[in-house]
Amino acid sequence: MLTPVHTRARRARPQQGATIIEVLVALAIFAIGMLGIAGLYATAVRQASGAEYRTTAAMLANDLIGRMWMSDRTAATLQGNYGSSGNGAGYASWRAAVTNSGLPGADSSTLAPTVTFSTVSGGGTSPVSTSLATITIFWKGPGDATAHQYVALAQMKP
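Residues are numbered in our numbering as their position in the sequence shown, beginning at 1, plus a constant of 17.
Structure below.
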């Protein structure tokens, strides 16, 4: 017996492929999250390396300041022994320490550390002139487009 067309119930087709679409969307979200975590990790490594280089530069500058404090602190002696323009024994020894410190690029001639002195005239209660040392240390980390620098100032009384 045939059923008339108008009385047949239309059956809804079951959804096919919905699960695979859900899985693909979940995988895409997971992949985006993993790429974000990898990017954060790379940034954290760069920041940690930068902090290490800044700390090394600060320790090297403080080392030179300590060496200068232990020596004769007259302006002529400081300039002759530690000034980078004169390449005295104190500067040469300290520059070797900078070169061997592990700062990237610090051993190149273009990124050589500089030490300059200027005279600060005494005034007020102290008429004695002092020397102001400016120590600049340069480095260029892997992947850096420009060189970084650390500058330390120290005032030396004779």
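All residues carry an ideal CB built from backbone N, CA and C; glycine is no exception.
Note that this is a predicted model, so its numbers are computed, not measured.
Check each candidate in 159, 38, 77 and name the one with the smallest Cα separation from residue 115.
77
When the Cα atoms are used, what is the spatial distance from residue 137 to residue 171?
11 Å
Across the segment 39 to 46 and the segment 79 to 87, are there enough close Cβ pairs to call them in contact, namely three or more that are closer than 8 Å?
no
Among 166, 159, 173, whose alpha-carbon lies nearest the alpha-carbon of residue 62?
159
Quick one: Cα of residue 150 to Cα of residue 173, how far?
7 Å
For residue 174, verify whether its CB is less than 7 Å away from any heavy atom of the ligand ADP.
Among the components of this structure there are no ligands whatsoever, and the ligand ADP is therefore not found.
Quick check: residue 164 and residue 156, are their CB atoms within less than 8 Å of each other?
yes
Cα-Cα separation, residue 133 to residue 53:
Distance between the alpha carbons of residue 133 and residue 53 is about 46 Å.
Quick check: residue 153 and residue 127, are their CB atoms within less than 8 Å of each other?
For residue 153 and residue 127, no; Cβs fall outside 8 Å.
Straight-line CA distance for residue 51 to residue 44?
10 Å
Cα-Cα separation, residue 89 to residue 98
The alpha-carbon atoms of residue 89 and residue 98 are separated by roughly 10 Å.
Could you check the C-alpha separation between residue 121 and residue 64 for me, to the nearest Å?
15 Å
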